[in-house]
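Here the structure is laid out as structure tokens; the discussion comes afterwards.
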Amino acid sequence: MSAAFAYGLFASDSLPFPVSVGGQAAKDGTPFAKIENPVAADAELSVESKDGMIIVNVSAVNAKNEPVPGSTPAVILLQGKTKTNLDKTMDGKKLVAGNYLMSVVSEGKTASILVTIK
Numbered sequence: 239m240s241a242a243f244a245y246g247l248f249a250s251d252s253l254p255f256p257v258s259v260g261g262q263a264a265k266d267g268t269p270f271a272k273i274e275n276p277v278a279a280d281a282e283l284s285v286e287s288k289d290g291m292i293i294v295n296v297s298a299v300n301a302k303n304e305p306v307p308g309s310t311p312a313v314i315l316l317q318g319k320t321k322t323n324l325d326k327t328m329d330g331k332k333l334v335a336g337n338y339l340m341s342v343v344s345e346g347k348t349a350s351i352l353v354t355i356k
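Residues 239 to 356, numbered by my numbering, are exactly what the sequence shown covers, in order.
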């Protein structure tokens, strides 16, 4: 088995369903999918899912994509809809500029996406 073939088997693990932020579709990758260009703190989040409840955890990460110690993830809920904005967090706080890992949970699966807020 070639390494390229093995990579292909696992490439969709980070993006089991389409997600876009600020009009940019997440590009599949390992270990995380990625939004290529920085987005605004109030950018639109769109999840292609038929699930009635979509849960998004947004965690601040450092340059190595590791969680920032002491940071609390923001939570965004989509109930009966597939679009919202990044500033619609449960605690009402806007995301500050920086790098984040979004875990989008829907249909019993999780999409893991790196995104930068400008």
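For each residue, glycine too, the CB sits at the ideal point set by N, CA and C.
- Along the chain, which unbroken stretches of the beta strand (DSSP E) at least 3 residues long are found entirely within the segment 287-327? 291-299, 312-317, 321-323
- beta strand (DSSP E) containing I273: first to last residue? Neither: I273 is in no beta strand (DSSP E) and is coded neither H nor E.
- Message: Given this structure, state the Cα-to-Cα distance separating G346 from K356, to the nearest angstrom.
- Response: 31 Å
- Item | Reference V334, options S297, K272, T348, A349, closest by Cα | S297
- Just curious, the beta strand (DSSP E) that G336 is in, first and last residue? 336-344
- Query: Going by Cα to Cα distance, which pick from L339, L315, T268 is closest to E304?
  - Reply: L339
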